[in-house]
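S.K.: Per the working numbering, the very first residue in the sequence shown carries number 1; after that it's consecutive.
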Amino acid sequence: MNQVIETYNNLTGSFGAPIAALAIIIIGWFVAGILKKVVKNLIKKSGVDDSLSSKKVNFADVIAKLLYYLVMIFVFMLALNKLGMTSVLEPVKGLLDGFLGYIPNIIGAGLVAYIGYMLATIVSELVGLSGDTIQKFAPKLRLPENIDLVDILKKVVFIFIFIPLLISALNILNISSVSEPASEMLQSFFSAIPKVLVATIIMIIFVVGGRFLSELLKDLLDSLNLNQVMQKSGLTAVTGKTNIERLIANIVYAFIILFGLVTAIEKLEFTKLSEMMNTVIELGGNILFGLVILAIGNWVANVASKNFLKSDDNPFVANIIKVAILAIFLAIGLRRMGIADDIINLAFGITLGAVALTVVLAFGLGGREAAGKQMTKILDKFNKK
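#1: Going by DSSP, what residue range makes up the alpha helix (DSSP H) through F59?
#2: On the premise that G333 lies in contact with I293, defined as a C-beta separation below 8 Å, what is that separation, rounded to the nearest angstrom?
#3: Restricting to Cα atoms, I'd like to know which of G290, I106, L309, V157 is closest to E125.
#4: Rounded to whole angstroms, what's the CA-CA distance from V112 to I43? Just pull it up for me.
#5: Quick one: what's got a C-beta closer than 7 Å to V123's C-beta in the same chain, skipping five residues either side?
#6: Return the residue from the list D219, V196, Q187 that minimises the CA-CA distance to E266.
#7: By Cβ distance, which residues of its chain are closer than 8 Å to T200, with the 5 residues on each side in sequence left out?
#8: Pull up the CB-CB distance for Y68 and L35, whole angstroms please, since I reckon it's below 8 Å.
#9: Taking its Cβ as the centre, do 16 or more other Cβ atoms sit within 10 Å of P18, making it buried, or is it exposed?
#10: Let me know the secondary structure DSSP gives S130 once reduced to three states.
#11: Could you tell me the distance, in whole angstroms, from the CA atom of L170 to the CA atom of V31?
#12: Would you give the residue range spanned by the alpha helix (DSSP H) that L258 belongs to?
#13: Return the CA-CA distance between F270 and A192, expressed in angstroms with no decimal places.
#14: Output yes or no for whether 7 Å exceeds the beta carbon distance between L330 and A318.
#15: My assumption, with CB atoms under 8 Å, is that K223 sits in contact with V252. Please give the rounded CB distance.
#16: Please go through the same chain and pick out, in chain order, the residues whose beta-carbon is closer than 8 Å to the beta-carbon of K82, but skip the five residues on each side of it.
#17: Could you give the distance in angstroms between the alpha-carbon of V262 and the alpha-carbon of M277?
#18: Would you tell me roughly how many angstroms separate the C-alpha atoms of L11 and L80, rounded to the nearest one?
#19: Within this structure, are the beta carbons of I257 and G210 separated by less than 7 Å?
#20: Which residue from F59, A64, A109 puts its Cα closest to that of G33?
#21: Considering only their Cβ atoms, is the gap separating M337 from G260 smaller than 7 Å?
#22: Which residues in the same chain have their Cβ closer than 6 Å to the Cβ of M185, if we skip the five residues on either side of it in sequence?
#23: Tell me whether F270 sits in a helix, a strand or coil according to DSSP, three-state version.
#24: For L216, does the three-state DSSP call read helix, strand or coil?
#25: According to DSSP, is N174 part of a helix, a strand, or is it coil?
#26: Using the rule of at least 16 other Cβ atoms within 10 Å of the residue's Cβ for burial, across every protein chain shown, is N307 buried or exposed?
#27: If I'm right that A60 touches K40 with Cβ under 8 Å, what's the distance once you round it to whole angstroms?
#28: Among the residues of its own chain, which have a CB less than 8 Å from the CB of S449, if the five just before and after it don't count?
#29: Can you list, in chain order, the residues of its chain whose CB lies under 7 Å from that of I287, leaving out five sequence neighbours each side?
#30: Helix, strand or coil for L389? Go by DSSP, reduced to three states.
#31: Determine the direct distance from the alpha carbon of N105 to that of W29, and round the result to whole angstroms.
#32: Out of I26, K155, M118, L173, which has the shortest C-alpha to C-alpha gap to A109?
#33: Which residues in the same chain have their Cβ closer than 6 Å to the Cβ of V300, if we skip the five residues on either side of it in sequence?
See the structure below:
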């Protein structure tokens, strides 16, 4: 009798553990399936699925399947433990413990990121409510009509609020390879904000002030009737149909903007760029001054030539005078522009040499008769005096 009882106990002990494990798997599978459906329906009803899903990925399905697989892992671990296979469970338990320990970090990071997104959205929308007031500044700044200033400000505000909170969420996840460089970049960015604001204010002041000064200068030149003065002085041959008042005002405005740009760049501590801009301004000033000298030289040459022709009808000498004056002012203008002195001296010498050679050839070769007549006129003029 005892042997029968012992045999029965052995049989029930041998089959009891597998049966219990099988029951655990069946019940767990049933519970996991129910949880999967419940979670999927809750996510779809909450509306989160519509905002986070895409054409290829359904957010509700992903979360429901993830929960289903987690529950089934627990079920299989319980079943294996019931069968006494504890050694098999050690790696899985370590992996699962690490994942479960990381879940609070994931939830915390998700909450911080979501709060940051909502806060950034709310503040940016509040900025959008004052859109009419902000958009009024666009014509004053002479911005293109297709630029939506309100939309730009909304995006800037959103980025300024959301990015720091997103980096905080990454810090909660303890992903140092991502969060540390992002934090350093954010710190550098925020440390540069005061410099950027100062540079922006400087540029706004120079733009507005430059526009005001250029318009004031234009009105002043208009009151002086500069265009009429240019016509009476014979400088229209140099300027043509150009409105000299507007041209001078635009040049002054351009230089004011350049000075403002250099000042703003210096505030941003872009040393190399600042040096380059200073060089450009210096060269631009030299070239502009050289062009002014050339224009004056052209005017002086024309006036001298015309006055000589009025007093003495001698085009040959008048042209020589004109060329000589142009050559002198050309040399001065090119030197002011900073072009190599040796080249200028050589060109000046060649020009004067060419004029002298022309005169010599005129007297010495086939133009002797014409040159003789010119010389006779000159001598007669001196004899009359």
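C-beta atoms are modelled at their ideal positions from N, C-alpha and C, and glycine is treated no differently.
Source: prediction; values computed, not measured.
M.R.: According to the structure data:
#1: Run containing F59: 59–82, per the alpha helix (DSSP H) assignment.
#2: Right, their Cβ atoms sit about 4 Å apart.
#3: Measuring C-alpha to C-alpha distances from E125 to each of G290, I106, L309, V157 identifies V157 as the nearest.
#4: In a straight line, the C-alpha of V112 is about 20 Å away from that of I43.
#5: Apart from the 5 residues on each side of it in sequence, V123 sits with its Cβ closer than 7 Å to the Cβ of V157, I161 in its chain, given in chain order.
#6: Taking only the C-alpha atoms, the option nearest E266 is V196.
#7: Excluding sequence neighbours, T200 sits near A264.
#8: About 7 Å separates the Cβ atoms of Y68 and L35, confirming a contact at the 8 Å cut-off.
#9: By the 16-neighbour rule on beta-carbons within 10 angstroms, P18 is exposed.
#10: The answer is coil: DSSP assigns S130 none of H, G, I, E or B.
#11: Approximately 34 Å between the Cα atoms of the pair.
#12: Unbroken alpha helix (DSSP H) run through L258: 244–267.
#13: Cα-Cα distance, rounded: 12 Å.
#14: Between L330 and A318, the C-beta gap is not smaller than 7 Å, which leaves the two residues out of contact.
#15: Before going further, note that residue 223 is Ser rather than Lys in the sequence given. Taking the Cβ atoms as the reference, S223 lies roughly 16 Å from V252, outside the contact range of under 8 Å.
#16: Excluding sequence neighbours, K82 sits near A17, A20, A21, I24.
#17: Their backbone Cα atoms lie some 6 Å apart in a straight line.
#18: Unreliable placement is indicated for L11, whose pLDDT of 45 sits below 50; the coordinate value is still reported in the next sentence. Cα to Cα, L11 sits roughly 20 Å from L80.
#19: Yes, Cβ-Cβ distance for I257 and G210 is below 7 Å.
#20: Cα-wise, what sits closest to G33 is A64.
#21: No, the pair does not count as a contact, with Cβ atoms beyond the cut-off.
#22: Residues of the same chain with their beta carbon placed closer than 6 Å to that of M185 are lacking, with the five preceding and five following residues left out of the count.
#23: DSSP places F270 in coil when its eight states are reduced to three.
#24: In this structure, L216 counts as helix in the three-state DSSP scheme.
#25: It is coil, neither helix nor strand.
#26: Using a 10 angstroms sphere on the CB of N307, the tally of other CB atoms stays under 16, which defines it as exposed.
#27: Yes, they are in contact, since the Cβ atoms of A60 and K40 sit about 5 Å apart, within 8 Å.
#28: The question about residue 449 has no answer here: the residues shown for the chain are numbered 1 through 385.
#29: Within the same chain, I287 has close Cβ partners M337.
#30: Residue numbering for the chain in the displayed model covers 1 to 385; residue 389 lies beyond these limits and cannot be assessed.
#31: So the two alpha carbons sit approximately 28 Å from each other.
#32: When each option's Cα is compared against that of A109, the closest is L173.
#33: Excluding sequence neighbours, V300 sits near I325.
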